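Q: Residue numbers (the working numbering), protein chains in the order written: chain L, 1 to 260; chain B, 1 to 260.
Here a beta-carbon is modelled for each residue, glycine too, at the ideal position from N, C-alpha and C.
Please read all numbers here as calculations on a predicted model, not as lab measurements.
Protein chains: 2
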Amino acid sequence: MASNVQDVIMLLGDSITQGGFIADGFGQKLSHVYARKLDVLNRGFSGYNTTWTIPVFEQLFAQQHEQQHVPKVRILTIWFGANDACIPPSIQHVPLPEFSSNLRRIIRMVTSPTSAWYSSITKIILITPPPVNTRQRGADLASRDPPRDLDREFEVTHQYAEAVKAVGAREGVPVVDLWTILYEAAGRDEAKLSEFLYDGLHLNEKGYQFVYDDIINTINKHFPELHYDKLQSVFVGHADINFDNPAETLKLRKAVLSDR
Amino acid sequence: MASNVQDVIMLLGDSITQGGFIADGFGQKLSHVYARKLDVLNRGFSGYNTTWTIPVFEQLFAQQHEQQHVPKVRILTIWFGANDACIPPSIQHVPLPEFSSNLRRIIRMVTSPTSAWYSSITKIILITPPPVNTRQRGADLASRDPPRDLDREFEVTHQYAEAVKAVGAREGVPVVDLWTILYEAAGRDEAKLSEFLYDGLHLNEKGYQFVYDDIINTINKHFPELHYDKLQSVFVGHADINFDNPAETLKLRKAVLSDR
């Protein structure tokens, strides 16, 4: 059984989060740089929207009475919108006001002192959905057997991205505005988004690179004490072992220096 | 705080394990294919030998009285030898009999019913250290400032790999014999190991591919119920949500079907 020795970064989201452990995905990169400091937990759920995620998150995130036994979530990324923004009659569609209210609810589960899931130690980062390349997505869906109609619109997903930013601003939560970052990187040309999306919806390695970079920038700006370079490994580096009395130096430490 | 919702694969070892979350590393690949089923915990410690790992593992692995609260370790990979095989007077050197006895001690901590760390549910896989390319390693060390002498010998590391196999045979633990796999893949030509080792000691992506493949083969052969294709996701796939009553279908499940 795994003892509770490392706090964690929890990545909550849909398939774009679930897929983040491909080679050069954002989960892979975070795992690599936070090795021996924080574990990175993939809590991405392909196909899920915020409505379906709420009952799941209630089970994923420990309630206060359980928290003494389980790893502390130091960073929680919340990344939705790609499925919520599906066009009706898609079963995945969540109306925009409900999407915003769902996001707020997930955030306040963690940030509200009266919540059963309250965790004052958890730093949240919101991420906006990537822009959709509707030509690429439409072609992908049309090629399926049976062919399917286009299920997302460029401007609709943009509205959901803007809603994420508005929730972040109101709740005081930093936002990685991936929608804008990718659209700018594509020269504000929807067709050129294919450089970052492999099927018009999901990110490739180049797309994930932007997410990773901006998560690290956000950590650096808003909670620099959690940047991987500011943490110590929970067990001492090899060169710092006291070779005359190793056990003395091989005791579990806190990764976050301010916790000492 | 992270609830205990997914059991885990724990990767215990030295720098070759710690580095396994590079793009196309074995940890990255395991994380990807086990997403939503098992979490993969990197417990690799650069520079450590088995002697220094024992007191650390006593803290990493939960004792019986703690086990009800923490994730179950379903698979534990134990991968040492690369540092233990350093030549004296290297401080990392562990004599061969002591290396074997340390490995046995780590295994029996988990497998012996009288151990405080006993975990009947944990399946162990031993991995042999990769062969050393002493020309490549020697050149790397000679290029440092100040230059360092060669610290490992091809045939010595081979003896440590053989010792891992002997411990596995005696303890009834399956072994991924990476030493032999890589040496055969290099046509039994030490110089050609540079195809799999970036510095004569540590694996590159091609080297990690062999480890990943043989871990999956070993799981398939010895505990097929833990192959990722035999597990279910702990939360239901999107297509299986009951859209009329989502919460009913969004309850945490056991990933391992025989646990039900």
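Note down, in chain order, each residue of its chain lying with its Cβ closer than 7 Å to the Cβ of L:A85, except the 5 sequence neighbours on either side.
A: Sequence index remark: in the first sequence, residue 85 of chain L carries index 85 (1-based). Cβ within range, chain order: P129, R152, V156, T157, Y160.
Q: Drop a sphere of 10 angstroms on the beta-carbon of B:Q64, count the other beta-carbons inside from all chains shown, and report buried for 16 or more, exposed for fewer.
A: Taking the first residue of the second sequence as position 1, residue 64 of chain B is located at position 64. Result: exposed.
Q: I'd like to know if L:M109 contacts chain B, where contact means its C-beta is closer than 7 Å to some C-beta of that chain.
A: The residue you call residue 109 of chain L lines up with position 109 of the first sequence. Not closer than 7 Å to any Cβ of chain B, the Cβ of L:M109 fails to qualify, so no.
Q: From L:L182 to L:V176, what does the alpha carbon distance come to, in whole angstroms?
A: Numbered from 1 along the first sequence, position 182 holds the residue referred to as residue 182 of chain L. Numbered from 1 along the first sequence, position 176 holds the residue referred to as residue 176 of chain L. The straight-line gap from Cα to Cα measures roughly 11 Å.
Q: Terminal residues of the continuous beta strand (DSSP E) containing B:K72?
A: On the second sequence, residue 72 of chain B is found 72 positions in, with the first residue counted as 1. No beta strand (DSSP E) holds B:K72; DSSP gives it neither H nor E.
Q: List, in order along the chain, the chain L residues whose C-beta lies closer than 7 Å to that of B:W52?
A: Residue mapping note: residue 52 of chain B aligns to position 52 of the second sequence, counting from 1. Near B:W52 (Cβ distances below 7 Å), the residues of chain L are I241, P246, L250.
Q: Within 7 Å of any Cβ in chain L, is that where the Cβ of B:S115 sits?
A: Reading the second sequence from its first residue, position 115 is the one you call residue 115 of chain B. With 7 Å as the cut-off, B:S115 does not count as an interface residue toward chain L.
Q: Considering only the beta carbon of each residue, do L:A116 and L:I16 sit closer than 7 Å?
A: For this step, residue 116 of chain L is matched to residue 116 along the first sequence. For this step, residue 16 of chain L is matched to residue 16 along the first sequence. Cβ atoms of L:A116 and L:I16: not closer than 7 Å.
Q: Can you find at least 3 beta carbon pairs, one from the stretch 211–226 of chain B and one from the stretch 25–42 of chain B, that sit closer than 8 Å?
A: yes
Q: Answer with yes or no whether the minimum CB distance from B:P55 to chain L is below 7 Å.
A: As a working note, residue 55 of chain B is residue 55 in the second sequence. By this cut-off, B:P55 is an interface position.
Q: Rounded to whole angstroms, what is the Cα-Cα separation between B:F265 and L:I216?
A: Lying outside 1 to 260, the shown extent of chain B, residue 265 of chain B is not represented and no answer is given.
Q: List the DSSP bridge partners of B:A2.
A: Here the question's residue 2 of chain B lines up with position 2 in the second sequence. Beta-bridge pairing links B:A2 to L:F61.
Q: Using 8 Å as the cut-off, can you tell me whether the stretch 62–79 of chain L makes contact with the stretch 4–15 of chain L, which would need three or more C-beta pairs spanning the two stretches below that distance?
A: yes
Q: By DSSP, does B:I54 sit in helix, in strand, or in coil?
A: As a position in the second sequence, residue 54 of chain B is number 54, starting the count at 1. It is helical.
Q: Report all residues from its chain with a CB closer than 8 Å to the CB of L:L103; omit the five preceding and five following residues, and keep chain order.
A: For the purposes of this step, residue 103 of chain L is taken as the residue at position 103 of the first sequence. Within the same chain, L:L103 has close Cβ partners T50, I78, F80, L126, A163, V164, V167.
Q: Please name the residue in B:K254, B:G19, B:R36 whose C-alpha comes closest to that of L:S31.
A: Locating residue 31 of chain L in the first sequence gives position 31, counting from the first residue. With distances taken between Cα atoms, L:S31 lies closest to B:G19.
Q: For the stretch 218–238 of chain B and the stretch 251–259 of chain B, state whether three or more C-beta atom pairs, one from each stretch, are separated by less than 8 Å.
A: Enough Cβ pairs lie closer than 8 Å, so yes.
Q: Closest to B:A186 by C-alpha separation, out of B:F57, B:P131, B:S143, would be which residue?
A: Along the second sequence, one-based indexing puts residue 186 of chain B at 186. Comparing Cα positions, the closest option is B:P131.
Q: Would you decide whether L:R36 is buried or exposed? Buried here means 16 or more other CB atoms lie within 10 Å of its CB.
A: Translated into the one-based positions of the first sequence, residue 36 of chain L becomes position 36. Under this definition L:R36 is a buried residue.
Q: Cutting at 8 Å between CB atoms, please list the residues of its own chain near B:I54, excluding the five before and the five after it.
A: For the purposes of this step, residue 54 of chain B is identified with residue 54 of the second sequence, where counting begins at 1. Within the same chain, B:I54 has close Cβ partners N102, R105, I106.
Q: In chain L, what lies closer than 9 Å to B:L60 by C-beta?
A: For this step, residue 60 of chain B is matched to residue 60 along the second sequence. Chain L residues near B:L60: A2, S3, V5, F235, L252.
Q: Do B:L41 and B:D282 have their beta-carbon atoms positioned less than 7 Å apart in this structure?
A: For chain B, the structure presents residues 1 to 260; residue 282 of chain B sits outside this window and is missing.
Q: With DSSP as the reference, label B:K123 as helix, strand or coil.
A: Looking up residue 123 of chain B in the second sequence gives position 123. The answer is strand: DSSP assigns B:K123 an E or B state.
Q: Which residue marks the beginning of the beta strand (DSSP E) containing L:V94, and which one marks its end?
A: Counted from its first residue, the first sequence places residue 94 of chain L at position 94. First-last for L:V94: undefined, no H or E at that position.
Q: Measure how close the beta-carbons of B:A62 and L:A2 come, nearest whole angstrom, since I'm counting them as under 8 Å.
A: For the purposes of this step, residue 62 of chain B is taken as the residue at position 62 of the second sequence. For the purposes of this step, residue 2 of chain L is taken as the residue at position 2 of the first sequence. Yes, B:A62 and L:A2 are in contact; Cβ-Cβ is about 6 Å, under 8 Å.
Q: Rounding to the nearest angstrom, what Cα-Cα distance links B:E248 and B:Q232 in this structure?
A: In the second sequence, residue 248 of chain B corresponds to position 248, counting from 1. In the second sequence, residue 232 of chain B corresponds to position 232, counting from 1. If I take the Cα positions, the gap works out to 17 Å.
Q: Using a Cβ-Cβ cutoff of 7 Å, what residues of the stretch 59–78 of chain B are near chain L? List them in chain order.
A: Under the 7 Å Cβ criterion, the stretch 59–78 of chain B contributes Q59, L60, F61, A62, E66, Q67, H69, V70, P71, K72, V73.
Q: Which residue wins for smallest C-alpha separation from L:P246, given the options B:P71, B:I75, B:P88, B:Q92?
A: Taking the first sequence and counting its residues from 1, one reaches residue 246 of chain L at position 246. The shortest C-alpha separation from L:P246 is found at B:Q92.
Q: As a quick exercise: from B:R135, B:E58, B:S100, pick the residue whose alpha carbon is nearest that of B:S194.
A: What you label residue 194 of chain B is simply residue 194 of the second sequence in a count that begins at 1. For B:S194, the nearest C-alpha among the options comes from B:R135.
Q: Taking only three categories from DSSP, how would you classify L:D7?
A: If you number the first sequence from 1, residue 7 of chain L lands on position 7. Note: L:D7 maps to strand in three-state DSSP.
Q: I need the straight-line Cα distance from L:Y118 to L:F154, nearest angstrom please.
A: The residue you call residue 118 of chain L lines up with position 118 of the first sequence. The residue you call residue 154 of chain L lines up with position 154 of the first sequence. Between L:Y118 and L:F154, the C-alpha separation is close to 36 Å.
Q: With 16 as the cutoff for other CB atoms within 10 Å, does B:F99 come out buried or exposed?
A: The residue you call residue 99 of chain B lines up with position 99 of the second sequence. The residue in question, B:F99, is buried, as its Cβ has 16 or more Cβ neighbours within 10 Å.
Q: At a CB distance below 8 Å, what residues from the stretch 212–232 of chain B approach chain L? Give them in sequence order.
A: Cβ contacts with chain L come from no residue of the stretch 212–232 of chain B.
Q: Using beta carbons (cut-off 7 Å, strictly below), is L:Q28 in contact with chain B?
A: Within the first sequence, numbered from 1, the residue matching residue 28 of chain L stands at position 28. Yes - at least one Cβ of chain B is within 7 Å of the one on L:Q28.
Q: Starting from L:R20, trace the beta strand (DSSP E) both ways and give me its first and last residue.
A: Here the question's residue 20 of chain L lines up with position 20 in the first sequence. The question names Arg, but residue 20 of chain L is Gly in the sequence shown. Premise fails: L:G20 is in no beta strand (DSSP E) and is neither H nor E.
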